[in-house]
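Reading through the structure tokens given below for one structure.
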Amino acid sequence: MEFWDGRTHTDESFADADLDEADLRGCRFDRCAFRGAVLSGATTTDCVFDRCDFAAARLNASTHEHSAFTNCSFRGARLFAAAFRHCKLVGADFREADLGRSPSRAATGRTPTCGSRT
Numbered sequence: 246m247e248f249w250d251g252r253t254h255t256d257e258s259f260a261d262a263d264l265d266e267a268d269l270r271g272c273r274f275d276r277c278a279f280r281g282a283v284l285s286g287a288t289t290t291d292c293v294f295d296r297c298d299f300a301a302a303r304l305n306a307s308t309h310e311h312s313a314f315t316n317c318s319f320r321g322a323r324l325f326a327a328a329f330r331h332c333k334l335v336g337a338d339f340r341e342a343d344l345g346r347s348p349s350r351a352a353t354g355r356t357p358t359c360g361s362r363t
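The letter at position 23 of the sequence shown is residue 268 when you use the numbering used here, and the numbering goes up by one with no holes.
Below, the structure is given as structure tokens:
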């Protein structure tokens with residue numbers, strides 16, 4: 246398991262990286278590529294992702310709290326049971342993303358929603 250605290254990355258590629266169950270806190274990523282990366286079970290807290298590409302990435306069962314994903318692409322990403330709590334998602338593109346069947350939807354019959362950043 247990876248633990249990253251306060252790192253800053255600009256124009257870097259994490260394509261196909263194995264970040265399974267990574268714990269990212271207070272990190273910033275600008276124009277980074279996570280295409281095809283594995284982030285299943287990962288957690289982000291107080292992180293900023295600006296103009297990052299998560300196309301075809303696996304974020305199943307990941308948890309994101311007080312993080313921002315501004316103008317990020319999640320096209321074709323797998324987000325089964327992913328949770329975005331108090332996150333900023335302005336300009337995020339979830340077209341063609343696989344949201345799977347969320348446990349909250351199965352229990353309540355409602356589509357899960359993302360919390361707003363306050």
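Using N, Cα and C, we set each Cβ at its ideal position, and we do this for glycine too. Here the structure is a predicted model, which means the values were calculated and not measured.
Which one or two residues does DSSP pair with residue i in a beta bridge?
i      : result
Val283 : Asp263 and Arg303
His331 : According to DSSP, which records beta bridges pairwise, His331 is partnered with nothing at all.
Asp343 : Arg323
For the beta strand (DSSP E) holding residue i, just list the boundary residues, first then last.
i      : result
Val293 : Val293 to Asp295
Phe314 : Ala313 to Thr315
Leu269 : Asp268 to Arg270
Glu247 : Premise fails: Glu247 is in no beta strand (DSSP E) and is neither H nor E.
Ala322 : No beta strand (DSSP E) contains Ala322, which DSSP labels as neither H nor E.
Ala310 : Checking the sequence shown, residue 310 turns out to be Glu, not Ala. Looking at the DSSP string, the run of the beta strand (DSSP E) that includes Glu310 is Thr308 to Glu310.
Phe274 : Arg273 to Asp275
Enumerate in chain order the residues of its own chain whose CB-to-CB distance from residue i is below 8 Å, with the five nearest sequence positions on each side excluded.
i      : result
Gly251 : Arg270, Gly271 and Cys272
Ala306 : Ser285, Gly286, Phe325, Ala326 and Ala327
Pro348 : The predicted model places Pro348 with a pLDDT of 47, which falls under 50 and marks its position as unreliable, so this point remains unresolved.
Ala302 : Phe279, Arg280, Gly281, Ala282, Val283, Leu284, Phe319, Ala322 and Arg323
Trp249 : Ala267, Asp268, Leu269, Arg270 and Cys272
Who are the Cβ neighbours of residue i in its own chain at under 7 Å, not counting the five residues just before and after it?
i      : result
Ser318 : Asp298, Phe299, Ala300 and Asp338
Thr353 : The pLDDT assigned to Thr353 is 37, lower than 50, so where the model puts this residue is not dependable, and the model offers no usable value.
Asp291 : Arg270, Gly271, His311 and Ser312
Who are the near neighbours of residue i in its chain, counting only those whose CB is closer than 6 Å to its CB and skipping five residues on each side?
i      : result
Ala278 : Ser258, Ala260 and Asp298
Val293 : Arg273 and Ala313
Met246 : Glu266
Asp275 : Thr255 and Asp295
Ala253 : It is Thr, not Ala, that sits at residue 253 in the sequence shown. Excluding sequence neighbours, Thr253 sits near Arg273.
Asp343 : Arg323
With a cut-off of 8 Å on the beta carbons, I'd call residue i and residue j a contact; round off their distance for me.
i      : j      : result
Thr288 : Asp263 : So it is not a contact: roughly 16 Å between Cβ atoms.
Arg336 : Thr315 : Note that residue 336 is Gly in the sequence shown here, rather than Arg. With 8 Å as the limit, Gly336 and Thr315 qualify as a contact, their Cβ atoms being about 6 Å apart.
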